[in-house]
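Each remark here refers to the structure printed beneath this line.
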Amino acid sequence: MKKKILTIALLGCIALTLAGFLLFPKIENYFYRIQLDRANAETMKQIASTDVINQSISQSIERSAVQPLIPEKAYLVVPSFCQSPFPTEESWHIHHASCEEAAVLQAVYYFNGVKAIDLDRVDSTLKDMIAWQEKNFGLHKDIHADSVKMMMMGYFGYKEDEIKIIRDATILDIKQAVAQGYPVVAPTYGRTLNNPYYKPPGPEYHMVTVIGYTSDRIITNDVGTKRGKDFSYPIDIFKKAMDREGGDVIILMPHSGVPSDSTKI
Numbered sequence: 000m001k002k003k004i005l006t007i008a009l010l011g012c013i014a015l016t017l018a019g020f021l022l023f024p025k026i027e028n029y030f031y032r033i034q035l036d037r038a039n040a041e042t043m044k045q046i047a048s049t050d051v052i053n054q055s056i057s058q059s060i061e062r063s064a065v066q067p068l069i070p071e072k073a074y075l076v077v078p079s080f081c082q083s084p085f086p087t088e089e090s091w092h093i094h095h096a097s098c099e100e101a102a103v104l105q106a107v108y109y110f111n112g113v114k115a116i117d118l119d120r121v122d123s124t125l126k127d128m129i130a131w132q133e134k135n136f137g138l139h140k141d142i143h144a145d146s147v148k149m150m151m152m153g154y155f156g157y158k159e160d161e162i163k164i165i166r167d168a169t170i171l172d173i174k175q176a177v178a179q180g181y182p183v184v185a186p187t188y189g190r191t192l193n194n195p196y197y198k199p200p201g202p203e204y205h206m207v208t209v210i211g212y213t214s215d216r217i218i219t220n221d222v223g224t225k226r227g228k229d230f231s232y233p234i235d236i237f238k239k240a241m242d243r244e245g246g247d248v249i250i251l252m253p254h255s256g257v258p259s260d261s262t263k264i
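Here the sequence shown is numbered in numbering that gives the first Met the number 0, starting from 0 and rising by one per residue.
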């Protein structure tokens with residue numbers, strides 16, 4: 000009888016250990032999400048109405064030997080949507096590599112004053128941009144800053160001087176651009192960002208749209224998740240993720256060639 004009880008107890012302990020082993024990652028991820036959600040909420044609480052940068056842009060983006068004076072906090076009201084406009088396996092299959100297109104499209108929407116997001120239209124535009132790449136690059140793949148610039152010039156008709164690439168960008172470069180009213184499209188290594196809302200195991204190469212900052216965090220519209228609006232990352236983590244992918248960021252200028260009623264947006 001004692002042996003039977005001991006056997007049952009041992010099996011119970013083994014079962015509990017296995018259950019704990021299997022459940023621990025999910026429990027850990029759950030609390031990590033709570034922690035990040037709180038950090039995001041706290042970051043946005045720091046953004047006052049006076050920190051929102053007016054869209055009227057007059058300053059040029061140029062590096063200077065003299066450190067520019069920038070506000071401690073800044074925020075741009077940039078439309079947000081996921082690179083997979085619809086939360087279906089079919090949509091994710093089509094748009095698994097559409098982070099670049101979605102990130103720059105948010106900036107295009109911003110400059111064209113688009114407020115209401117039509118997901119069907121977003122989906123159609125992203126598919127058109129994919130088709131352009133397949134025709135001009137031979138396939139749809141992850142593309143870096145120079146190829147994104149080519150796509151924006153070829154697809155939207157941007158001029159050479161309407162797209163600026165900052166090589167080996169610093170956090171100060173990014174803050175300066177945002178403070179002057181420009182969203183920044185930044186290539187990153189997604190697994191360094193470690194966003195728990197990414198579709199597992201998370202992207203390697205990944206582009207996000209930087210729309211703001213505080214003293215210690217970079218605020219993004221992260222197209223890699225439907226929860227990506229105003230998603231912030233610690234500055235050191237963001238810089239590490241950006242440097243892993245070369246550190247070249249993209250800044251779009253206002254472009255009069257894409258009217259607000261264009262079928263491309």
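Ideal Cβ positions, reconstructed from N, Cα and C, are used throughout, including at glycine.
Judging by CA-CA distance, which residue of the options is the nearest neighbour of residue i?
| i | options | result |
| --- | --- | --- |
| Tyr197 | Thr187, Val222, Pro186 | Val222 |
| Met152 | Pro195, Lys72, Gly211, Val103 | Val103 |
| Arg166 | His92, Arg190, Gly245 | Gly245 |
| Asn194 | Pro253, Ala176, Met128, Pro233 | Pro233 |
| Val177 | Met150, Gly211, Pro200 | Gly211 |
| Glu89 | Asn111, Leu68, Asp235, Lys126 | Lys126 |
| Ile173 | Asp36, Ile217, Arg190, Leu35 | Ile217 |
| Lys225 | Phe85, Met150, Met252 | Phe85 |
| Glu133 | Thr213, Gln179, Glu159, Ala96 | Ala96 |
| His254 | Phe155, Lys239, Ile52 | Phe155 |
| Asp160 | Arg37, Lys148, Leu171 | Lys148 |
| Thr42 | Arg32, Ile142, Tyr74, Asn53 | Tyr74 |
| Asp215 | Gln34, Ala130, Ile33, Asn39 | Asn39 |
| Asp235 | Thr191, Pro199, Tyr204 | Thr191 |
| Asn28 | Val209, Ser231, Pro200, Ile142 | Pro200 |
| Asp117 | Phe80, Ala130, Met150 | Phe80 |
| Ile52 | Gln34, Gln175, Asn135 | Gln175 |
| Ser142 | Tyr204, Lys44, Ser231 | Checking the sequence shown, residue 142 turns out to be Ile, not Ser. Measuring from the Cα of Ile142, the nearest candidate turns out to be Tyr204. |
Applying the 10 Å Cβ sphere with the 16-neighbour rule, what's the burial state of residue i?
| i | result |
| --- | --- |
| Asn220 | buried |
| Thr87 | exposed |
| His92 | exposed |
| Thr229 | Reading off the sequence shown, one finds Asp at residue 229, where the question assumed Thr. Buried is the call here. |
| Phe30 | exposed |
| Thr49 | exposed |
| Gly112 | exposed |
| Gln82 | buried |
| Ala144 | buried |
| Lys238 | buried |
| Ile33 | exposed |
| Ala130 | exposed |
In the DSSP assignment, find the unbroken alpha helix (DSSP H) run with residue i in it and report its ends.
| i | result |
| --- | --- |
| His94 | 88-94 |
| Lys163 | No alpha helix (DSSP H) holds Lys163; the beta strand (DSSP E) holding it covers 162-165. |
| Val113 | No alpha helix (DSSP H) contains Val113, which DSSP labels as neither H nor E. |
| Val147 | 144-150 |
Distance, Cα to Cα, residue i vs residue j?
| i | j | result |
| --- | --- | --- |
| Asp265 | Ile249 | Summary: the structure shown does not reach residue 265, with the chain confined to residues 0 through 264, and so no result is reported for it. |
| Met206 | Asp122 | 17 Å |
| Lys163 | Ser146 | 13 Å |
| Cys98 | Lys140 | 10 Å |
| Ser138 | Tyr181 | Here the sequence assigns Leu to residue 138, which means Ser is not the residue at that position. Between Leu138 and Tyr181, the C-alpha separation is close to 30 Å. |
| Gln105 | Glu71 | 24 Å |
| Lys114 | Met128 | 21 Å |
| Pro202 | His94 | 12 Å |
| Pro78 | Tyr109 | 6 Å |
| Val76 | Ile26 | 34 Å |
| Ile170 | Pro186 | 13 Å |
| Gly189 | Leu68 | 31 Å |
| Ile46 | Thr213 | 8 Å |
| Leu251 | Val183 | 8 Å |
| Met150 | Ala240 | 24 Å |
| Phe23 | Phe136 | A caution first: Phe23 carries a pLDDT of 44, below 50, which makes its placement in the model too unreliable to give a value. |
| Tyr157 | Glu100 | 14 Å |
| Leu15 | Gln179 | Here the model assigns Leu15 a pLDDT of 49, short of 50, so the residue's position is not dependable, and the following value carries that caveat. The straight-line gap from Cα to Cα measures roughly 56 Å. |
| Asp247 | Val107 | 19 Å |
| Asp119 | Gly227 | 19 Å |
| Leu35 | Thr208 | 18 Å |
For residue i, list the residues DSSP reports as bridge partners.
| i | result |
| --- | --- |
| Gly211 | Tyr74, Ile218 |
| Ser231 | Ile218 |
| Tyr204 | Tyr188 |
| Lys125 | First, the residue type needs correcting, since residue 125 is Leu and not Lys in the sequence shown. Looking at the DSSP assignment, Leu125 forms no beta bridge with any residue, so it has no partner. |
| Leu251 | Ile162 |
| Val107 | According to DSSP, which records beta bridges pairwise, Val107 is partnered with nothing at all. |
Comparing the C-beta of residue i with each C-beta of chain C, is any distance below 9 Å?
| i | result |
| --- | --- |
| Arg32 | The displayed structure is made up of one protein chain only, and chain C is not part of it. |
Tell me the residue span of the beta strand (DSSP E) that contains residue i.
| i | result |
| --- | --- |
| Tyr188 | 183-188 |
| Leu171 | Looking at the DSSP string, Leu171 is not in any beta strand (DSSP E); the run it does join, the alpha helix (DSSP H), is 170-178. |
For the ligand SAH, is there any heavy atom lying closer than 8 Å to the beta carbon of residue i?
| i | result |
| --- | --- |
| Thr124 | The ligand SAH is not part of the structure shown, which contains no ligands of any sort. |
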